[in-house]
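Residue numbers (the working numbering): -6 to 150.
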């Protein structure tokens, strides 16, 4: 069954899911964030069939999340590295991790904790902050229409 594209959806969450919304893609991005760069490294880490991994890597490159570069060891292989767009997914991965640490039925089975590399201390829980620094929850926020761009208003006048 072919997946329906959400690329043109007006919801930004749906659009993001269209780019990296399957678990294999997010796990590839996680592995790239951890420093994995080679096809074989991704395959060994994820246990993913070669054809599925090939498809996911190609899609992530096409979407500008990963790019291919010559292998760092000078061999004929290529490596996959995160682009700035790919690095932008890191807070999403942290949010997913922290959600699991808080709500998983067996948090003691989670093998790792995230720490600040420089200080070795656990990372603080992500928080959504208002412009003035207040911590916000879902009940403290709402959605409103984006103001129309001036050029668009002029074109229709």
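A virtual CB, placed ideally from N, CA and C, is assigned to each residue, including glycine. Note that this is a predicted model, so its numbers are computed, not measured.
Inset, instruction - Could you work out which residue in 13, 75, 49 and 91 is closest to residue 28 when comparing CA atoms only? - result: Numbered from its first residue, the chain shown carries residue 28 at position 35. When each option's Cα is compared against that of residue 28, the closest is 75.
Legend entry - At least three beta-carbon pairs within less than 8 Å, the stretch 62 to 78 to the stretch -4 to 8: The stretch 62 to 78, when compared against the stretch -4 to 8, does not touch it at the 8 Å Cβ threshold.
Legend entry - DSSP state of residue 135 mapped onto helix, strand, coil: Here residue 135 corresponds to residue number 142 of the chain shown, with the count starting at 1. Three-state DSSP puts residue 135 in coil, outside helix and strand.
Legend entry - Bridge partner(s) assigned by DSSP for residue 61: Counting from one through the chain shown, the residue named residue 61 turns up at place 68. Under DSSP, residue 61 shares a beta bridge with 73.
Legend entry - alpha helix (DSSP H) runs wholly inside the stretch 10 to 64, at least 4 long, in chain order: Counting whole runs of 4 or more residues, the stretch 10 to 64 contains the alpha helix (DSSP H) stretches 16 to 26, 32 to 39 and 43 to 55.
Legend entry - Beta-carbon contacts of residue 14 that lie in its chain and below 6 Å, excluding the five residues immediately before and after: As a working mapping, residue 14 is identified with position 21 in the chain shown. Excluding the 5 residues flanking it on each side, residue 14 has no same chain C-beta neighbour closer than 6 Å.
Legend entry - Cβ-Cβ distance between residue 94 and residue 103 below 8 Å: One-based indexing of the chain shown puts residue 94 at position 101. One-based indexing of the chain shown puts residue 103 at position 110. In contact: residue 94 and residue 103 (Cβ atoms closer than 8 Å).
Legend entry - Cβ neighbours of residue 107 in the same chain (closer than 6 Å, five flanking residues each side left out): Numbered from 1 along the chain shown, position 114 holds the residue referred to as residue 107. Closer than 6 Å at Cβ, skipping near neighbours: 116.
Legend entry - Three-state secondary structure (DSSP) of residue 121: Here residue 121 refers to the residue found at position 128 of the chain shown. DSSP places residue 121 in strand when its eight states are reduced to three.
Inset, instruction - Below 8 Å CB to CB, which residues in the same chain sit around residue 53 once its five sequence neighbours on both sides are set aside? - result: Residue mapping note: residue 53 aligns to position 60 of the chain shown, counting from 1. So the qualifying residues of the chain are 13, 18, 21, 22, 59, 73 and 79.
Inset, instruction - Express the C-alpha separation of residue 126 and residue 85 in angstroms, rounding to a whole number. - result: Working through the chain shown from its first residue, we reach residue 85 at position 92. Working through the chain shown from its first residue, we reach residue 126 at position 133. Their Cα atoms are separated by approximately 20 Å.
Legend entry - Residue environment, residue 69, which counts as buried when at least 16 other CB atoms sit within 10 Å: Working through the chain shown from its first residue, we reach residue 69 at position 76. By the 10 Å Cβ count, residue 69 comes out exposed.
Legend entry - For residue 87: DSSP bridge partner residues: Along the chain shown, one-based indexing puts residue 87 at 94. DSSP lists no partner for residue 87.
Inset, instruction - Sort out for me which residues DSSP pairs residue 128 with in a bridge. - result: Indexing the chain shown from 1 puts residue 128 at position 135. For residue 128, which the question treats as bridged, DSSP gives the partners 122.
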